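Engineer: Here it is, the structure, as structure tokens.
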Amino acid sequence: MKAEGILSIGGFLRISKSLLVLWDPTYVQRLWCIFEYAAFVKSHEDQNKMNLKIRPTFLGPCTLAIAFGSMVVMITELVIHTFFDYHGLLAFAGVGVVGFFFGTAAFQSYYDSVRQLQDELTNFKLDETKCTCCEMGHEEEEEPQCDRQVVMECVHRWFGSVENFEKVARTTVSVGLTSQLGQYSFPYRWLLGATMPILWAQLDMVAARFKGGDNHGAVVAFILALAMWLVAFPTVFVCWVCLASMLRRTKYRILDFLLTLSVTIVAVGLAAGMHFYQLLCNHLFHDDHLSGVLFFFGTFLAAALVTWNPCIPSCGCLGASSSTKRSPQGVIPSR
1 MKAEGILSIG GFLRISKSLL VLWDPTYVQR LWCIFEYAAF VKSHEDQNKM
51 NLKIRPTFLG PCTLAIAFGS MVVMITELVI HTFFDYHGLL AFAGVGVVGF
101 FFGTAAFQSY YDSVRQLQDE LTNFKLDETK CTCCEMGHEE EEEPQCDRQV
151 VMECVHRWFG SVENFEKVAR TTVSVGLTSQ LGQYSFPYRW LLGATMPILW
201 AQLDMVAARF KGGDNHGAVV AFILALAMWL VAFPTVFVCW VCLASMLRRT
251 KYRILDFLLT LSVTIVAVGL AAGMHFYQLL CNHLFHDDHL SGVLFFFGTF
301 LAAALVTWNP CIPSCGCLGA SSSTKRSPQG VIPSR
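The opening residue of the sequence shown carries number 1 in our numbering; numbering runs sequentially from there.
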């Protein structure tokens, strides 16, 4: 029954409108995963476009970490505004450095995995992939045929030979995976969901001002909240991830630590600069807060449109490499 299902998978894939790949570093090492991806591409090769979405499992813990970090930063900032002193600023800087440091290390590790993926696909060999039934020693006697044998039969039927299949894996599959795992790893809408605490904290102050009768101040605070949430932090996020992706592991742990710390300090500086720039905008318009916050919103909107534009390789970081910046023809990468 299982063998018949595997042999019929081509029909199921052909009528499927989209394929969602949940990627982790072991993905291309597993026979079934790489076969399913290549088979989907093969079954849709006569179509102009394919809806192929690739999402790293790293997004799960990353979402929780960013949401928690956003809450901590906003609570710390609220405390500083309430008890503004030198020690409060140090506490804010300390929280920022610690949080950004672990984030930088996590993003660096993720992009190391993407680069490893490129290397594995460049030298891809079908015989080196893993199959569960083979690793278990074929203990299930009720299965008369090995899964690998069935998949190999499908490979010969659909691709003509193992060599043709490996060529597809090294080209189309490689470009499709690395382009989306690089440039499209962290969708904009996903980031907005993960950073909702930034908006929540600001809306509390908006409601307080409306309740106190300061309607003008409430409008200004609301526009500022949207600016921070929609464009300012996403712009800083892209720069942060871009810098983290440029890091490479060295032979020396102390050097790795210092490099990660240096990127962390730059990222914290960018976040702090975002806040100081907002104060500068108010000062430029002689404390006309509405004009200042609109100018702040407009400049960061322009910056966000540039940094989040998929046609612009941001620092070369969000596309895995110069050889993988273009998606395979006909594939729609979803952001």
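Glycine residues also receive a C-beta, built at the ideal position from the N, C-alpha and C atoms.
Small disclaimer: the values here were computed from a predicted structure and weren't measured.
1. State buried or exposed for residue 43, treating a residue as buried only when at least 16 other CB atoms are found within 10 Å of its CB.
2. Just to confirm my understanding: we take residue 120, look at its own chain, exclude 5 residues before and 5 after, and list those with CB closer than 6 Å. What are they?
3. Less than 7 Å between the beta carbons of residue 301 and residue 231, yes or no?
4. List the whole-angstrom C-beta distance separating residue 267 from residue 240, where the pair is believed to meet the contact cut-off of C-beta under 8 Å.
5. Output the distance between the C-alpha atoms of residue 247 and residue 133, rounded to the nearest integer angstrom.
6. Answer with buried or exposed for residue 188, where buried requires no fewer than 16 other C-beta atoms within 10 angstroms of its C-beta.
7. Start and end of the alpha helix (DSSP H) containing residue 249?
8. Tell me whether residue 166 is buried or exposed, calling it buried when 16 or more other Cβ atoms sit within 10 Å of its Cβ.
9. Just list the beta strand (DSSP E) runs in the stretch 92-142, keeping only unbroken ones of 3 residues or longer that don't cross its boundaries, in chain order.
10. Specify whether the stretch 265-284 and the stretch 191-209 touch according to this definition: at least 3 beta carbon pairs, one from each stretch, less than 8 Å apart.
11. Starting from residue 170, trace the beta strand (DSSP E) in both directions and tell me its first and last residue.
12. Mapping the DSSP letters down to three states, classify residue 51 as helix, strand or coil.
13. Specify the secondary structure class of residue 25 as computed by DSSP and reduced to three states.
14. Could you check which residue in 255, 64 and 69 has the C-alpha nearest to that of residue 96?
15. For residue 187, name the three-state secondary structure that DSSP assigns.
16. Going by DSSP, which residues form a beta bridge with residue 20?
17. Taking the C-alpha atoms as reference points, what is the distance between residue 338 and residue 193?
18. What separation, rounded to the nearest whole angstrom, lies between the Cα atoms of residue 321 and residue 288?
19. For the alpha helix (DSSP H) that residue 196 lies in, which residues bound it at each end?
20. May I have the straight-line CA-CA distance separating residue 150 from residue 58, to the nearest angstrom?
21. Below 8 Å on the Cβ atoms is my contact criterion, and I expect residue 260 with residue 108 to pass it. Report the Cβ-Cβ distance as a whole number of Å.
22. From residue 291 to residue 98, what does the alpha carbon distance come to, in whole angstroms?
23. Report the option in 217, 21 and 41 whose CA atom is closest to the CA atom of residue 159.
24. Residues bridged to residue 30 by DSSP?
25. Using a C-beta cutoff of 7 Å, does residue 272 count as contacting chain C?
Structural biologist: In this structure, then:
1. buried
2. 28
3. yes
4. 4 Å
5. 38 Å
6. exposed
7. No alpha helix (DSSP H) contains residue 249, which DSSP labels as neither H nor E.
8. buried
9. none
10. no
11. Premise fails: residue 170 is in no beta strand (DSSP E) and is neither H nor E.
12. strand
13. coil
14. 69
15. coil
16. 53
17. Nothing can be reported for residue 338, as the shown portion of the chain is limited to 1 through 335.
18. In this prediction, residue 321 has a pLDDT of 38, which is less than 50 and means its spatial position is unreliable; nothing more can be read from the coordinates.
19. 196-211
20. 31 Å
21. 7 Å
22. 35 Å
23. 41
24. 130
25. The chain inventory of the structure shown lacks chain C, comprising one protein chain alone.
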